[in-house]
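Residue numbers (this note's numbering): 1211 to 1386.
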């Protein structure tokens, strides 16, 4: 039941945000992520990303850059931790329907230790984490993208413990 409540709150936030920022021409992206390899605890990630308007890097090549702000949550069977983040993304359109993009940046985690030590435990080392992500999306309707991503999150050896979280993500994005 708590997972349902969390997802319903995130969906409400997503739809309320669509009305609040329509004039800024952003993209809102909602994603669900699951680890790409077996973990010693079950962990999932849900994230709402605000992608600012894309700006062209060059007039010659169709490559665009955009700032991104992230709000999300890492969810385990015994707890959860909020995530705040930001970074920069690069995008290119392979066809009218296919978009490829990469993003990189930092997250701040409110909780980075999950589980019970000695039983099933995951310590991400500290609150500051780096991430990079590669995505491929398909334009299913005008201004609406559905896609898949691969994301790597780690602290870059800033702390004693440095386990990575590699995830596959499904995302839904809407452009204003």
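All C-beta atoms in this analysis are idealised placements derived from N, C-alpha and C, irrespective of residue type, glycine included.
As the structure is a computational prediction, the values presented were derived from the model and not from experiment.
Review point. So, using beta-carbon positions, are residue 1237 and residue 1383 closer together than 9 Å?
Key: yes
**Study point:** the stretch 1299-1309 touching the stretch 1318-1336, judged by at least three CB pairs closer than 8 Å
**Key:** no
Exercise for review: For my contact list, residue 1254 and residue 1285 are in at a C-beta cut-off of 8 Å; report their separation, rounded to the angstrom.
Suggested key: 5 Å
Point to revise | With 16 other Cβ atoms within 10 Å as the buried cut-off, status of residue 1282 | key: buried
Exercise for review: Rounded to whole angstroms, what's the CA-CA distance from residue 1271 to residue 1376? Just pull it up for me.
Suggested key: Computed Cα separation, rounded: 31 Å.
Exercise for review: Thinking residue 1369 and residue 1335 are a contact (beta carbons under 8 Å), I'd like their distance in whole angstroms, please.
Suggested key: 3 Å
Exercise for review: Could you tell me whether the stretch 1241-1255 touches the stretch 1311-1323, where touching means 3 or more Cβ pairs closer than 8 Å?
Suggested key: Judged by Cβ distances under 8 Å, the stretch 1241-1255 makes no contact with the stretch 1311-1323, as fewer than three pairs qualify.
Check your understanding: Can you tell me whether residue 1273 is buried or exposed, with buried defined as 16 or more other CB within 10 angstroms of its CB?
Key -> exposed
Practice item. Please report how far the alpha carbon of residue 1353 lies from the alpha carbon of residue 1386, in whole angstroms. Key: One C-alpha to the other measures close to 7 Å.
Exercise for review: Could you check what DSSP says for residue 1251 in three-state terms: helix, strand or coil?
Suggested key: coil
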